[in-house]
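Participant: So in our numbering, spot 153 of the sequence shown is number 722, and the numbers just go up one at a time.
Note that the Cβ used here is the ideal one computed from N, Cα and C, for glycine as well.
Just dropping this structure here.
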Amino acid sequence: MANQYITADEHLPETVADETVTHLQIRDPETKEIFEARVHVARESARLDDPEPLSVVRGPHENTTEQWYVEFVDEAVEREQLERLAREQRERSNVVNTRSDDLTVLLRYLVETGRYESTSAAVRAILFEHLADRDPAVLEAYDEIRTAYDADPLREALADANHSNTGSDADEPAVVVTEQETETDRSGAR
């Protein structure tokens, strides 16, 4: 059991079919880290393409063990790379060009038929839906990175200072008083 992934019986789905994909809380055998992953689970290794041994513990003291197998669905997310890309994006344009007549036509069709408000909204919705279905681990990792960035107190303080120096006066129209207007106003004549 030392070199096997471990999970508790309570984390398994109630019914397990050959193609069961589930989020499963697992403990890594090497790092002892507990994490969640999208996996296929099976009682027999032959039912999976790339099986890893999984010890399923049960009972009030988790002292009963049953041998199962797990196959990871999502590839590991390169978190450092995702963080680097998020940092770099803050300095770059957020315009994405598909350079594809086919995609442009299809996106415009979706907008003109009222399915989306704009091509940008269509691209965002379709991409996020696709990632949620096919690679949710990337979305989850990015959400954590973005949340950490948005909650950074230094970044917030700098943004607030920048806004107070430039943003508060921007809402009011600028008034320029020339020397000639000042002289006229003092004399009372125009």
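Look at the alpha carbon of Ser624 and the alpha carbon of Asp643, and state the distance between them as a whole number of angstroms.
Facilitator: For the purposes of this step, residue 624 is taken as residue 55 along the sequence shown, with counting starting at 1. For the purposes of this step, residue 643 is taken as residue 74 along the sequence shown, with counting starting at 1. Cα to Cα, the separation comes out at about 20 Å.
Participant: Does the beta-carbon of Ala691 have 16 or more other beta-carbons within 10 angstroms, so that it is buried, or is it exposed?
Facilitator: Position 122 of the sequence shown holds residue 691. So Ala691 ends up on the buried side.
Participant: Would you kindly report the start and end of the unbroken alpha helix (DSSP H) that includes Gln636?
Facilitator: Counted from its first residue, the sequence shown places residue 636 at position 67. Premise fails: Gln636 lies in the beta strand (DSSP E), 633-641, not in any alpha helix (DSSP H).
Participant: So the candidates are Asp597, Tyr718, Ser614; which of them puts its Cα closest to the Cα of Arg653?
Facilitator: Along the sequence shown, one-based indexing puts residue 653 at 84. If we check each option's Cα against that of Arg653, Tyr718 comes out closest.
Participant: Kindly list the residues whose CB is nearer than 8 Å to the CB of Glu613, restricted to its own chain and excluding five residues on each side of it in sequence; keep chain order.
Facilitator: Residue numbering aside, residue 613 sits at position 44 when the sequence shown is read from its first letter. Correct list, in chain order: Tyr638.
Participant: Here's a check: name, in chain order, each residue in its chain whose Cβ is nearer than 7 Å to the Cβ of Ala701, leaving out the five neighbours to either side.
Facilitator: As a first step, residue 701 must be located in the sequence shown, where it is residue number 132. Excluding residues within five positions, the ones whose Cβ falls inside 7 Å are Leu708.
Participant: Tell me where the alpha helix (DSSP H) around Ala615 begins and ends.
Facilitator: Counting from one through the sequence shown, the residue named residue 615 turns up at place 46. Where Ala615 is concerned, there is no enclosing alpha helix (DSSP H), given that its DSSP letter is neither H nor E.
Participant: Going straight from the alpha carbon of Ser662 to that of Phe697, what length do you get?
Facilitator: In the sequence shown, the residue the question calls residue 662 occupies position 93. In the sequence shown, the residue the question calls residue 697 occupies position 128. Straight-line Cα distance between these residues: approximately 19 Å.
Participant: Secondary structure at Ser689, three-state DSSP: helix, strand or coil?
Facilitator: Locating residue 689 in the sequence shown gives position 120, counting from the first residue. Correct three-state label for Ser689: helix.
Participant: Once DSSP output is grouped into helix, strand and coil, what is the label at Ser624?
Facilitator: For the purposes of this step, residue 624 is taken as the residue at position 55 of the sequence shown. Here Ser624 sits in strand by DSSP.
Participant: How close, in whole Å, do the beta carbons of Ala577 and Val610 come, if the pair is a contact with beta carbons under 8 Å?
Facilitator: Position 8 of the sequence shown, counted from the start, is the residue given in the question as residue 577. Position 41 of the sequence shown, counted from the start, is the residue given in the question as residue 610. No, Ala577 and Val610 are not in contact; Cβ-Cβ is about 13 Å, not under 8 Å.
Participant: Along the beta strand (DSSP E) that carries Ala720, what are the first and last residues, could you check?
Facilitator: Here residue 720 corresponds to residue number 151 of the sequence shown, with the count starting at 1. Run containing Ala720: none; DSSP gives neither H nor E here.
Participant: On the DSSP letters alone, give me the boundaries of the alpha helix (DSSP H) that Thr673 sits inside.
Facilitator: For the purposes of this step, residue 673 is taken as residue 104 along the sequence shown, with counting starting at 1. Thr673 -> alpha helix (DSSP H) spans 670-681.
Participant: Using the three-state DSSP reduction, which class does Gln573 fall into: helix, strand or coil?
Facilitator: Counting from one through the sequence shown, the residue named residue 573 turns up at place 4. Reduced to three states, the DSSP call for Gln573 is coil.
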